[in-house]
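From first to last, the protein sequence lines are chains A and B. For the first sequence, our numbering gives the first residue as 813, with consecutive numbering after it. For the second sequence, our numbering gives the first residue as 18, with consecutive numbering after it. For glycine and all other residues, C-beta sits at the position ideal for the given N, C-alpha and C. Everything below concerns the one structure shown next.
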Amino acid sequence: MSAQVLLSLNTLVAVLFLLTAFMLISARQAQAVLYLYVAQGLLLALSTVLLALHFHSPELFIVAAITIAAKPIAIPLLINRLLSPALRRRRELSTAIGIPSALTLALLLSVVAYAVARPLVAGQDPAATTNLSIGLVVSLLGVFLLAIRREALPQLFALMTIDNGVFFAGIAITTSSALVEFAAALEGVMVVMIVALLARTIALTLGSTDTGALDALREREDKP
Amino acid sequence: MTPALAMPPAGFNPVWLMPVPALLAALWSGWLPAARWVTMLAALLGLALALLGAHDILAGHDLPTLQSWIGLDALGAVFALLTAFLGVTASLYSGPYISHHLAHSDDARAALRRYYVYFNLFLASLLAVPLMQQPALAWVTIELTTLFSIFLVGFDSNRPALEAAWKYAVITIMGATVAALGFFLLLWGLDRAGGGPQTFAALAQASAHMDPLLRKVAFALIIFGFGAKIGLVPIHTWLPDAHSQAPTPVCALLSGIEVSLILYVVMRLLPVFISLPGLHLEHWLSVIGLVSVGVAAFLLLQVHDYKRLFAYSTVEHMGILMTGLGLGKIAAYPVMLQVMTHALTKSLAFYAAGIVLVITGTREIASVRGLLRRRPWTAALFLAAALAIAGAPPFAVFSSEFAILRAAAAGGDYASLILLALFIIIAFTGILIQANRMVFGEPSPAVAEAVHGPRGLQWVAVLALLPVLLLGLWMPQPLAQLLQAAAHQLAGGLAP
Chain A
813 MSAQVLLSLN TLVAVLFLLT AFMLISARQA QAVLYLYVAQ GLLLALSTVL
863 LALHFHSPEL FIVAAITIAA KPIAIPLLIN RLLSPALRRR RELSTAIGIP
913 SALTLALLLS VVAYAVARPL VAGQDPAATT NLSIGLVVSL LGVFLLAIRR
963 EALPQLFALM TIDNGVFFAG IAITTSSALV EFAAALEGVM VVMIVALLAR
1013 TIALTLGSTD TGALDALRER EDKP
Chain B
18 MTPALAMPPA GFNPVWLMPV PALLAALWSG WLPAARWVTM LAALLGLALA
68 LLGAHDILAG HDLPTLQSWI GLDALGAVFA LLTAFLGVTA SLYSGPYISH
118 HLAHSDDARA ALRRYYVYFN LFLASLLAVP LMQQPALAWV TIELTTLFSI
168 FLVGFDSNRP ALEAAWKYAV ITIMGATVAA LGFFLLLWGL DRAGGGPQTF
218 AALAQASAHM DPLLRKVAFA LIIFGFGAKI GLVPIHTWLP DAHSQAPTPV
268 CALLSGIEVS LILYVVMRLL PVFISLPGLH LEHWLSVIGL VSVGVAAFLL
318 LQVHDYKRLF AYSTVEHMGI LMTGLGLGKI AAYPVMLQVM THALTKSLAF
368 YAAGIVLVIT GTREIASVRG LLRRRPWTAA LFLAAALAIA GAPPFAVFSS
418 EFAILRAAAA GGDYASLILL ALFIIIAFTG ILIQANRMVF GEPSPAVAEA
468 VHGPRGLQWV AVLALLPVLL LGLWMPQPLA QLLQAAAHQL AGGLAP
């Protein structure tokens, strides 16, 4: 593939990547959020592979492998196992502000983040220009998403959106082994957090429909 | 290439093995009869190695750097020494505390096993932080400390503990991730400035050739991200929850040294940012610090839970340290002193609070009255710990807070001086009002019916009290030298 084709493809991926972040802000159903997260992970992995070809970087191939293993596969599978069908179909995940105002604010934030990123990447590699700008915007949207979501599962997805945004920027500007260290550590932490905490926390904040989990918890609380 | 890099990798030093005993202890902790003793032995070995490292540095031996990954300098040695010392007291405290805590639990054996495994892993990751010479590795080890402490914060598996653990995990991982982008930008800047080993030292050297805007954005991301992990206002809300719900020895490590270790990584990065034109880094540090001290001081007046009281005091002390960093080179030694006195005193405060919790079974300040009548020794320890952390003379925190205030006066930064002094006095009042209520007066039902806790806890608290009292009155020469060397290094990243 010629360098030009690689870069054009990467730009397309970046646009879709940004789109998933906006869709996450407007999503109201746990299952939809999960699908969007899978799509976001795949796009991140795709961009990593494109940039690995562009920079001829073996480290980026390793990062791509970690990304594919964790984001679109392992983490969604783990979460799927934890969610009961009732929870997955549940609508109206609660937010601190309404969806229309959230989207407006998100748009404003994106403009600000883009304005910051523009001069930062002026005159740099075109891949860095695309990825750093979009990555910065998406990670900021993730922080915003974390601030407006109240329940455990949407908060986790907000957290992973920040993570995706940071790596979307990182793969274009850091091609050393340090990136592999960051990627491995963060994915490890995410997986452990899901395994160790999410199931039990869902019962506290999201699982009003999941009475089985709540009963188990009440029993434990009554103990001296 | 730094000279250290030119040395052969054969430059092996036992100090590099500092986290290894705790790591091995984590593997052994599955076998319960030995777990307690193995944990203590590992912590003692860690302290011995940290002392060895500090000794080598004082003797002027340059510790060789292993492949530009691992190394130890005076600044790192101070943090390593404090971590290792707190590791010893926390492991001594853990034995009697956790057995008592789990005495009525159904699956005490499994819980006990879990506790020792995570405790040792947590300690190992803490001890690894000061050894890391690369920002990426330091970030990874910091992330490991978060990972293992999540389990310990949620250890009780009841509603408050799980809520605290979730909040802790979400906010601190968010912080670390945002900070990671800042690290990426710095490594990118290093690449563009000519590359080389990705160490803190190389970053500082290359910073002059980096794009100022890139450094500004990196600074904003790192101070926001790590600020959230340090517990600076306004992203401090998770800290009192996490640092009060964990088992007491873990609270001592979290509040005493974990947050300070994150501040240590920030300290190591300061040389990259200090020369930024038009940023006035020192003002930013002062403002962030003063806001944290001020908010924490007022929050201290209205807490209802004595473990949260000491957790809020951590927010206050992190604010004092940030303000100190903002004062510039003149405050470098006072800041190092404050790092040490805070770590020693905060662990003591939690050990004392843990004894009160064990004997009364409540964390409510309102339910604990008149400790002195029924439990004079516990009351005396608790009062001493409260006075010490509030900064009363002759305890060590008084001398370090006073040194920071004096540095502010000497530097002519009167705004910081007046505000800091005011907030410290408010915080002092807040802590003392609460401690006073708990210690004096007629015993409340919870105190009147207090059980006898394991005696070992009091001995550990006394052991933790000794340095807090001694260092307030007299500073051993080698320790002063080490702090001075660390301060000299820290000053390289501070405003003149």
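Mind pulling the chain A residues with CB within less than 8 Å of residue i?
i, result
"B/F172", "Correct list: empty, because the minimum Cβ distance to chain A is about 11 Å."
"B/Q222", "Simply none; closest approach about 17 Å."
"B/F201", "V978, A981, G982, I985, T986, L991, F994"
So, for residue i: in the same chain, excluding its five sequence neighbours on each side, which residues have a beta-carbon less than 7 Å away from its beta-carbon?
i, result
"B/V464", "T377, V385, R386, G387, L388, R391"
"B/Q501", "Y350"
"B/A314", "E333, F440, I443, A444, G447"
"B/I274", "L99, T100, L103, L143, A360"
"A/L830", "I946, V949, V950"
"B/L400", "A452, V456"
"B/A210", "A223, H226, M227"
"B/L61", "V105"
"B/G509", "P288"
"A/S1020", "Low confidence applies here, because A/S1020 scores a pLDDT of 42, under 50, leaving its location unreliable and the question unanswered by this model."
Does the separation of the CB atoms of residue i and residue j fall below 8 Å?
i, j, result
"B/F327", "B/A366", "yes"
"B/L138", "B/F165", "yes"
"B/I337", "B/L271", "no"
"B/S108", "B/M57", "yes"
"B/A269", "B/Y132", "no"
"A/A864", "A/P884", "no"
"A/L818", "A/H866", "yes"
"B/P31", "B/L64", "no"
"B/L278", "B/M339", "no"
"B/M353", "B/V95", "yes"
"B/L482", "B/L398", "yes"
"B/L204", "A/A990", "yes"
"B/V243", "B/G206", "Note that residue 243 of chain B corresponds to Phe in the displayed sequence, not to Val. No; because the gap between Cβ atoms is not below 8 Å, this pair is not in contact."
"A/L944", "A/L932", "yes"
Sorted by chain position, which residues of the same chain lie with C-beta nearer than 6 Å to residue i's C-beta, five sequence neighbours on each side aside?
i, result
"A/P1036", "Confidence in A/P1036 is poor, its pLDDT being 33 and thus under 50, which makes the residue's placement too unreliable to answer from."
"B/Y185", "V170, W255, A259"
"A/L828", "L855"
"A/F969", "V845, Y849"
"B/G112", "R53"
"A/S913", "none"
"B/P214", "S85"
"B/A497", "none"
"B/A178", "G171, Q262"
"A/L890", "I1006"
Give every residue of the same chain whose Cβ lies closer than 8 Å to the Cβ of residue i, excluding the five residues on either side of it in the sequence, and list them in chain order.
i, result
"B/L129", "L49, A52, I115, S116, L119"
"B/A225", "S292"
"B/L318", "I443, T446, G447, I450"
"A/L915", "F834, I837, S838"
"B/A97", "M35, A67, G70, A71, L89, L144, P147, L148"
At a threshold of 7 Å, does residue i count as lining the ligand FMN (C-beta to nearest heavy atom)?
i, result
"B/V267", "As far as ligands go, the structure on display features none, and thus does not contain the ligand FMN."
Since residue i meets chain B, which of its residues come closer than 8 Å, beta carbon to beta carbon?
i, result
"A/A1008", "I167, F168, G171"
"A/V955", "M191, V195"
"A/S951", "T194, V195, L198"
Could you work out which residues of chain A lie near residue i, taking near to mean beta carbons separated by less than 7 Å?
i, result
"B/A402", "The contacting residues do not exist; B/A402 stays about 27 Å from chain A at best."
"B/Q215", "S988, A990"
Going along chain B in order, which residues have a C-beta closer than 9 Å to the C-beta of residue i?
i, result
"A/L1037", "Given a span of 813 to 1036 for chain A in the structure shown, any question on residue 1037 of chain A remains unanswerable."
"A/A964", "W183, V187"
What residues of chain C sit near residue i, judged by a beta carbon separation below 9 Å?
i, result
"A/V1001", "Absence of chain C from the displayed structure is noted, the protein chains being A and B."
Just to make sure I have the definition right: I need the residues of chain A whose C-beta is within less than 9 Å of the C-beta of residue i. Which are they?
i, result
"B/L154", "A990, E993"
Quiz item: Hey, is the segment 340-356 of chain B in contact with the segment 249-258 of chain B, meaning 3+ C-beta pairs nearer than 8 Å?
Solution: no
Exercise. Check distances from the C-beta atoms of the segment 975-998 of chain A to those of chain B and list, in chain order, the residues that come in under 7 Å.
Key: D975, V978, A981, G982, I985, T986, S988, A990, E993, F994, A997, L998
Quiz item: Any contact of the segment 77-94 of chain B with the segment 117-126 of chain B, i.e. 3+ C-beta pairs under 8 Å?
Solution: no
Quiz item: For the segment 226-245 of chain B, which residues have a CB atom closer than 7 Å to at least one CB atom of chain A, in sequence order?
Solution: L230, L231, V234
Quiz item: Can at least three beta-carbon pairs, one atom from the segment 69-85 of chain B and one from the segment 308-328 of chain B, be found at a separation below 8 Å?
Solution: no
Quiz item: Touching or not, the segment 403-421 of chain B and the segment 445-458 of chain B, by the rule of three or more beta carbon pairs under 8 Å?
Solution: yes
Quiz item: Can you find at least 3 beta carbon pairs, one from the segment 930-949 of chain A and one from the segment 977-995 of chain A, that sit closer than 8 Å?
Solution: yes
Exercise. Give, in chain order, every residue of the segment 828-861 of chain A whose Cβ lies closer than 7 Å to some Cβ of chain B.
Key: none
Quiz item: Below 8 Å, can you find three or more Cβ-Cβ pairs linking the segment 282-301 of chain B to the segment 207-226 of chain B?
Solution: yes
Exercise. Check distances from the C-beta atoms of the segment 906-932 of chain A to those of chain B and list, in chain order, the residues that come in under 7 Å.
Key: V928, P931, L932
Quiz item: Does the segment 224-238 of chain B touch the segment 302-309 of chain B, meaning 3 or more C-beta pairs lie closer than 8 Å?
Solution: no
Practice problem: Can you give me, in chain order, the residues of the segment 58-83 of chain B that have a beta carbon less than 7 Å from any beta carbon in chain A? | Solution: none
Quiz item: Going along the chain, which residues of the segment 486-503 of chain B sit with their C-beta nearer than 9 Å to a C-beta in chain A?
Solution: none
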